[in-house]
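Residue numbers (the working numbering): 442 to 557.
As structure tokens, the structure follows; a few thoughts come after it.
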Amino acid sequence: MEWFFQARLESVCVQRDKVFEQLAKVRELRRNLGVLLSKAPSHVQVNIGCDFYLDGELDDEGLLLIDMGKNVFVEMQPQEALETTILRETWLERLGEYYTKRIGELEGLLQVYRVE
């Protein structure tokens with residue numbers, strides 16, 4: 442049984458890491474949207490990953506193209522995009538908490554089987 446719980450633990454850890462990576466991207470998107478909504482600038486700097494920033498100029502702040510995942514893009518108003526991002530962040534946080542709890546349970550089961 443120990444090997445089963447060990448394999449399951451590794452799988453859940455990988456899933457939790459993926460959730461936390463997605464959560465980091467969503468938080469960065471929310472931060473960028475907040476800056477966009479607060480200032481309505483015509484010149485912006487956007488983090489394109491690994492702390493590389495790209496300077497850009499906005500012609501029209503009316504609609505944004507948001508990547509929802511799995512190559513699905515949705516055109517939204519900035520406020521709608523911010524609300525959707527907040528919902529996504531909340532959902533990912535809950536999913537991360539679930540995986541963290543599950544990891545604790547599996548580690549407990551592993552300790553029980555190692556003692557016997």
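Ideal Cβ placement from N, Cα and C applies to all residues, glycine included.
These numbers come from a predicted model, not from an experiment.
Mark tyrosine 540 as exposed unless 16 or more other C-beta atoms lie within 10 angstroms of its C-beta, in which case mark it buried.
-> buried
Beta-ladder partner(s) of glutamate 516, from DSSP = Leu506
Looking at phenylalanine 446 and leucine 547, is the spacing between their C-beta atoms short of 8 Å?
-> yes
State the CB to CB distance for the pair leucine 551 and leucine 450, rounded to an integer number of angstroms; the pair is presumed to be in contact (CB under 8 Å).
-> 7 Å
Let me know the secondary structure DSSP gives glycine 490 once reduced to three states.
-> coil
Going by DSSP, name the residue or residues bridged to valine 485.
-> Gly497
Using alpha carbons as the reference points, say which of Glu498, Glu538, Leu528 and Ile507 lies closest to glutamine 518.
-> Ile507
8 Å CB neighbourhood of glutamine 471 in its chain, flanking five on each side removed = As written in the sequence, residue 471 is arginine, which differs from the glutamine given in the question. These residues qualify, in order along the chain: Leu523, Thr526, Ile527 and Glu530.
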